[in-house]
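Protein chains: 2
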Amino acid sequence: MKIEVKKNIMATNASAAAKNRERLLEHGICMVNLMASPGAGKTSTIIKAIEGTGGLLNLAVIEGDIASEIDSLTIEAMDIPAIQINTGGSCHLTAAMIGAALDHLDLEALDLIIIENVGNLVCPAEFDLGENARMMIASVAEGHDKPYKYPLIFREVDAILINKIDLLPYCDFDLAQFRQLVQSLNPGVSLIELSCKDGYGADELCDWLRETASRNRADLRS
Amino acid sequence: MKIEVKKNIMATNASAAAKNRERLLEHGICMVNLMASPGAGKTSTIIKAIEGTGGLLNLAVIEGDIASEIDSLTIEAMDIPAIQINTGGSCHLTAAMIGAALDHLDLEALDLIIIENVGNLVCPAEFDLGENARMMIASVAEGHDKPYKYPLIFREVDAILINKIDLLPYCDFDLAQFRQLVQSLNPGVSLIELSCKDGYGADELCDWLRETASRNRADLRS
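Chains as they are written, first to last, in the numbering used here: chain F, 1 to 222; chain B, 1 to 222.
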């Protein structure tokens with residue numbers, strides 16, 4: 001007898017993801033799954049998104065980490081609802097974890113939920129959370145060769161933020177080669193150059209989020 | 001009936017790790033498991049190790065990646081035996097994968113094997129590969145708060161390389177706070193400041209590798 005562990009895990013996850021998607025649809029909420037390596041700037045990016053969309057969108061954040069709640073405390077200090085998920089040892093969020101987090105949010109009051117996934121370029125890309133859009137961050141300090149090594153995540157996302165663009169003069173990051181590599185894996189992807197440190201590109205990020213949320217609402221109506 | 005998947009996976013891995021350790025012992029080889037986030041500088045660190053220990057140690061490298069063989073080609077171009085493992089979707093190496101790689105190396109001719117694990121701070125720390133020492137890289141660009149979020153890996157290693165130390169003037173990385181955090185999780189750990197870009201700290205890294213290899217040989221004799 002062969003136990004199809006991975007197949008079962010994926011089927012269970014897909015059904016929980018479908019439930020999440022249905023709940024978001026009922027409330028006209030757009031949910032974005034933000035993925036990246038550890039230390040690429042996920043929380044800093046969310047802070048820029050809050051600063052740039054405040055007053056225009058009602059936002060909440062779901063923070064996924066192996067341990068600690070420093071990220072959700074940072075977000076709550078900005079008066080934004082934040083749910084911290086500690087996965088214990090697990091290297092990615094699952095749709096069931098997100099379902100439990102949605103139970104703790106006032107869905108009537110929200111337009112946009114940003115999920116900060118666990119810092120990892122591998123497994124988060126395999127797990128549908130019921131999100132409407134997927135965004136990843138590639139940090140200039142990580143080098144331009146990451147699409148070769150982690151092709152799935154670069155293929156699966158709707159937007160790639162090239163963060164820490166302020167470090168470009170100090171790193172061996174070939175921006176043209178990176179863009180070319182990414183376009184070959186994922187021709188339609190939005191590429192946004194960003195510096196969370198000095199705010200460069202934050203407007204473009206917030207425009208993308210607002211357009212994604214309003215396209216999602218338009219899709220709901222049609 | 002409860003299927004203890006994780007327990008079984010871990011038991012199978014532990015037995016493969018014990019076999020690897022026995023093979024290394026027979027041949028007096030020291031094996032070091034190098035772990036880090038994507039883009040922290042694992043391959044660049046191995047290149048510095050090859051340059052600094054060449055002639056003193058007979059080295060081989062096992063490269064773990066989801067996809068691509070660019071890293072093993074880089075190492076082979078330095079006339080060092082390199083085995084590439086492509087894990088497919090898996091976010092970490094296992095002891096069985098390392099066992100298969102050892103079959104392809106001339107163990108009689110080696111003193112030191114460096115394993116470059118998959119870029120990930122989570123699961124690699126949970127899987128014993130049969131190694132004699134564990135080393136991780138923390139990149140200055142990732143920020144000093146990583147030990148809060150990924151405590152297991154910071155606890156489990158024998159040495160932490162603080163790489164991209166040349167980026168210190170351009171990043172919000174509090175070196176004193178990082179050192180304090182790490183010492184509280186792992187009091188005996190060796191901390192080495194490194195810049196693979198300008199070579200700073202490479203001597204200290206190579207000294208550590210040589211001492212670890214010779215301590216391992218001394219342990220074998222006693």
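Note that beta-carbon positions come from the ideal geometry of N, C-alpha and C, so glycine has one too. Predicted, not measured: the structure shown is a model, and the values here were computed from it.
Simplified DSSP assignment, three categories, for residue i
i: residue 31(B); result: strand
i: residue 223(F); result: The structure shown has nothing for residue 223(F), since chain F only spans 1 to 222.
i: residue 69(B); result: coil
i: residue 41(F); result: coil
i: residue 1(B); result: Only weak support is given to the placement of residue 1(B): the predicted model assigns it a pLDDT of 48, under 50, and the value that follows is read from those uncertain coordinates. Correct three-state label for residue 1(B): coil.
i: residue 197(F); result: coil
i: residue 78(F); result: coil
i: residue 15(B); result: helix
i: residue 207(B); result: helix
i: residue 214(B); result: helix
i: residue 168(B); result: helix
i: residue 158(F); result: coil
i: residue 219(B); result: helix
i: residue 24(B); result: helix
i: residue 105(F); result: coil
i: residue 7(B); result: helix
First and last residue of the uninterrupted beta strand (DSSP E) at residue i
i: residue 83(F); result: 82 to 86
i: residue 136(F); result: 133 to 139
i: residue 193(F); result: 190 to 193
Residue i versus residue j: straight-line alpha-carbon distance, rounded
i: residue 30(F); j: residue 194(F); result: 22 Å
i: residue 218(B); j: residue 18(B); result: 20 Å
i: residue 126(F); j: residue 169(F); result: 34 Å
i: residue 104(B); j: residue 23(B); result: 13 Å
i: residue 41(B); j: residue 14(B); result: 28 Å
i: residue 124(F); j: residue 143(F); result: 20 Å
i: residue 72(F); j: residue 93(B); result: 31 Å
i: residue 165(B); j: residue 60(F); result: 36 Å
i: residue 67(F); j: residue 116(F); result: 13 Å
i: residue 134(B); j: residue 161(B); result: 11 Å
i: residue 1(B); j: residue 11(B); result: Annotation note: pLDDT 48 at residue 1(B) (below 50); position unreliable, coordinate value reported separately. So the alpha carbons of these two residues sit roughly 19 Å apart.
i: residue 47(F); j: residue 75(F); result: 7 Å
i: residue 20(F); j: residue 186(F); result: 26 Å
i: residue 91(B); j: residue 151(F); result: 13 Å
i: residue 49(B); j: residue 145(F); result: 21 Å
i: residue 139(B); j: residue 163(B); result: 5 Å
i: residue 188(B); j: residue 136(B); result: 14 Å
i: residue 207(F); j: residue 70(B); result: 37 Å
i: residue 155(B); j: residue 182(B); result: 8 Å
i: residue 214(B); j: residue 37(B); result: 28 Å
i: residue 211(F); j: residue 25(F); result: 17 Å
i: residue 148(F); j: residue 184(F); result: 11 Å
i: residue 118(B); j: residue 221(F); result: 44 Å
i: residue 34(F); j: residue 80(B); result: 39 Å
i: residue 63(F); j: residue 54(B); result: 45 Å
i: residue 84(B); j: residue 32(B); result: 16 Å
i: residue 87(F); j: residue 65(B); result: 24 Å
i: residue 78(B); j: residue 198(B); result: 19 Å
i: residue 52(B); j: residue 44(F); result: 38 Å
i: residue 141(B); j: residue 171(B); result: 6 Å
i: residue 120(F); j: residue 113(F); result: 20 Å
i: residue 100(F); j: residue 101(B); result: 42 Å
i: residue 129(F); j: residue 9(F); result: 13 Å
DSSP beta-bridge partners of residue i
i: residue 36(B); result: 137(B)
i: residue 60(B); result: 113(B)
i: residue 163(F); result: 139(F)
i: residue 293(F); result: Because chain F is modelled from 1 through 222, residue 293(F) falls outside the range shown and cannot be assessed.
Distance cut-off 6 Å: residue i Cβ against heavy atoms of the ligand NAP
i: residue 127(F); result: This structure lacks the ligand NAP; in fact it carries no ligand of any kind.
Host alpha helix (DSSP H) of residue i (start-end)
i: residue 147(F); result: 146 to 149
i: residue 125(B); result: Segment: none, residue 125(B) is in no alpha helix (DSSP H) and carries neither H nor E.
i: residue 97(F); result: 95 to 102
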